[in-house]
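> Here the protein sequences line up with chains A and B, keeping their order.
Following my numbering, the numbering of the first sequence begins with 1 at its first residue and continues without gaps.
Following my numbering, the numbering of the second sequence begins with 1001 at its first residue and continues without gaps.
Structure incoming, see below.
There are 2 protein chains.
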Amino acid sequence: MKEGPVIASVAALLGDPARANILTALMDGRALTVSELAQAAGVTLQTASGHLAKLDAANLLVAEKQGRHRYFRLSGPDVAQVLEALMGLAQRTGATRVRTGPKDAALRSARICYDHLAGERGVALLNGAQWQGLIAGGQDLALTDKGRAVFTEFGIDLTRLEKGRRPVCRACLDWSERHSHLGGALGAAILDRLIEKQWVRRDAGRVLTFTCQGAEGFDATFGQVPDEDTRAA
Amino acid sequence: MKEGPVIASVAALLGDPARANILTALMDGRALTVSELAQAAGVTLQTASGHLAKLDAANLLVAEKQGRHRYFRLSGPDVAQVLEALMGLAQRTGATRVRTGPKDAALRSARICYDHLAGERGVALLNGAQWQGLIAGGQDLALTDKGRAVFTEFGIDLTRLEKGRRPVCRACLDWSERHSHLGGALGAAILDRLIEKQWVRRDAGRVLTFTCQGAEGFDATFGQVPDEDTRAA
DNA sequence: TTCATACTTCGATCATAACCGAACCATCGA
DNA sequence: TCGATGGTTCGGTTATGATCGAAGTATGAA
Chain A
1 MKEGPVIASV AALLGDPARA NILTALMDGR ALTVSELAQA AGVTLQTASG
51 HLAKLDAANL LVAEKQGRHR YFRLSGPDVA QVLEALMGLA QRTGATRVRT
101 GPKDAALRSA RICYDHLAGE RGVALLNGAQ WQGLIAGGQD LALTDKGRAV
151 FTEFGIDLTR LEKGRRPVCR ACLDWSERHS HLGGALGAAI LDRLIEKQWV
201 RRDAGRVLTF TCQGAEGFDA TFGQVPDEDT RAA
Chain B
1001 MKEGPVIASV AALLGDPARA NILTALMDGR ALTVSELAQA AGVTLQTASG
1051 HLAKLDAANL LVAEKQGRHR YFRLSGPDVA QVLEALMGLA QRTGATRVRT
1101 GPKDAALRSA RICYDHLAGE RGVALLNGAQ WQGLIAGGQD LALTDKGRAV
1151 FTEFGIDLTR LEKGRRPVCR ACLDWSERHS HLGGALGAAI LDRLIEKQWV
1201 RRDAGRVLTF TCQGAEGFDA TFGQVPDEDT RAA
């Protein structure tokens, strides 16, 4: 049984600019309405409706109806990951003239990948957590006792995370950095907390912007530094 | 600048069954001729020629002429990785009726990803190497001193690997296992060595089959076991 | 109940691209 | 040099699919 047609059926869905724009608009983990997605894709409502029906039928999206509004979101983090992989490949192969504007640098620095922190900051988070012994296991990531203490102190309800079906710690390959950042339920919870503490704010699209205070706090909490005294702040 | 069209341009290339078959046929890292690829894709020579021209122009493939033969191979491991990512997404979203035949199980057990070991065995290799302290760093993988000794003893010329441009240790996400296996120059060298020692042989397509002796030797060398006494064999 | 808004469906248009037969070009070996 | 083999290019065919105007359905608010 050939694998080509299976790959092609998924890839063909991504191979239309309007549909790719729709999926990209959803990469920050939010749910958007048909109208919003039509606008994001630059097509009419009816065209967007047809595209969304296809993506829904293919289980790339999940739809929820709220009154007369129909909200769509990505069906899982692996969709975002495939999109990121394709962007990385496009860049490496020259399919995109890399116009290094401020937005590109911002995306590289810190962005949302589905629901967790990605980019340089995202990779730094995972590397720092491992360096400090909060997360162990290399590939089968797991919280250490020390990590449980630190993340609990940081404001994360670990027992709630562990009750869910989603793996707590999951390495998620970051294509702008070519290393992994932290996905999974913990990755998502950390991003929520960062935003809650106003260390980070959502910016245009998937861009995340650290506040000055937030960058300091982040580095102090998750940086690869001699940890005990710098974290007294 | 929207990312949709960039993603779509790459994805559209993968979205044709014949082209996807061509790329899949090259996923085991070999270079094949136009005729061989036409056969693998199930199209005529002239159709394959057109497809290959497109993939070549997009830098997804690299072509080499040898007399009247024209050989193509993937332009890098990230192409294989994108294909694996798409296969994983296809499976999760139900785009493939998972007919669990022996071939699927064999691919899951051990297969070639570009030029290194993937599947259960591939993940076990990386996990075991980290468990034994041969490779450190979680995400920024690096050889330890102990690892240098063990891999050298295993028959790998590390100084040659380090002279090349390719990173020695690289985590490569394994989509059948949802964890990373070991890519990079070391991953490739290990697979070469496994084949050389006849612990593994190439089988149909990308399937790798461990010999009995090879499975034992592999587990003894790279398994997550109390290492000192079992490795005396 | 009526009107406004969100969304879906239908039908027609039109551009695109995969496909293959035929012809041509390039290389190899007798 | 000729014939065989590998591969490219050309031209015509045909199926596909994105697009949008128009019309219809569903929901919410006044």
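Yeah, the Cβ is synthetic: ideal placement off N, Cα and C, and Gly gets one too.
According to DSSP, is GLU1177(B) part of a helix, a strand, or is it coil?
Correct three-state label for GLU1177(B): coil.
> Quick check on ARG239(A): buried or exposed, where buried means 16 or more other Cβ atoms within 10 Å of its Cβ?
Given that chain A is displayed from residue 1 to residue 233, the structure contains no residue 239(A) and the question cannot be resolved.
> Cβ atoms of ALA90(A) and SER1009(B): under 8 Å apart, would you say?
In contact: SER1009(B) and ALA90(A) (Cβ atoms closer than 8 Å).
> So, with DSSP's three-state summary, where would you put CYS1169(B)?
In this structure, CYS1169(B) counts as coil in the three-state DSSP scheme.
> For LYS1103(B), which three-state DSSP category applies?
If DSSP states are grouped into helix, strand and coil, LYS1103(B) belongs with the helices.
> On the premise that ALA1106(B) lies in contact with ILE1112(B), defined as a C-beta separation below 8 Å, what is that separation, rounded to the nearest angstrom?
That pair is no contact at about 12 Å.
> How far does the alpha helix (DSSP H) with ILE195(A) in it extend, from its first residue to its last?
184 to 196 is the span of the alpha helix (DSSP H), which, as asked, contains ILE195(A).
> Roughly how many whole angstroms lie between the Cα atoms of TYR1114(B) and ARG1166(B)?
Cα to Cα, the separation comes out at about 14 Å.
> Going straight from the alpha carbon of SER180(A) to that of PHE154(A), what length do you get?
Roughly 22 Å separates the two Cα atoms.
> Rounded C-beta distance between GLY1004(B) and THR24(A)? I'm assuming under 8 Å.
Sure, about 5 Å apart at Cβ, within 8 Å.
> With a cut-off of 8 Å on the beta carbons, I'd call ASP78(A) and ARG1092(B) a contact; round off their distance for me.
Between ARG1092(B) and ASP78(A) the Cβ distance is about 6 Å, and since that is below 8 Å, they are a contact.
> Please list, in chain order, the chain B residues whose beta carbon lies closer than 8 Å to that of GLU162(A).
Residues of chain B passing the Cβ test: none, with the nearest at roughly 18 Å.
> Would you please verify whether the beta carbon of LEU89(A) is less than 8 Å from any beta carbon of chain B?
Yes, contact with chain B.
> Out of CYS1169(B), ARG1178(B), ALA1142(B) and LEU1208(B), which has the shortest C-alpha to C-alpha gap to ARG170(A)?
The candidate whose alpha carbon is nearest that of ARG170(A) is ARG1178(B).
> Is the shortest distance between the beta-carbon of ILE1007(B) and the beta-carbons of chain A less than 8 Å?
It does: the Cβ of ILE1007(B) has a partner Cβ on chain A nearer than 8 Å.
> Give the secondary structure of ALA58(A) by DSSP, where H, G and I count as helix, E and B as strand, and everything else as coil.
Here ALA58(A) sits in coil by DSSP.
> Below 8 Å CB to CB, which residues in the same chain sit around THR71(A) once its five sequence neighbours on both sides are set aside?
Looking at the sequence provided, one finds Tyr at residue 71(A) rather than Thr. Hits under 8 Å: ALA31, LEU32, THR33, ALA63, GLU64 and LYS65.
> So who's on the other strand from LYS2(A), going by DSSP bridges?
Bridge partners of LYS2(A): none, in fact.
> Hey, would you say ARG1019(B) sits closer than 8 Å to HIS1051(B), going by beta carbons?
For ARG1019(B) and HIS1051(B), yes; Cβs fall inside 8 Å.
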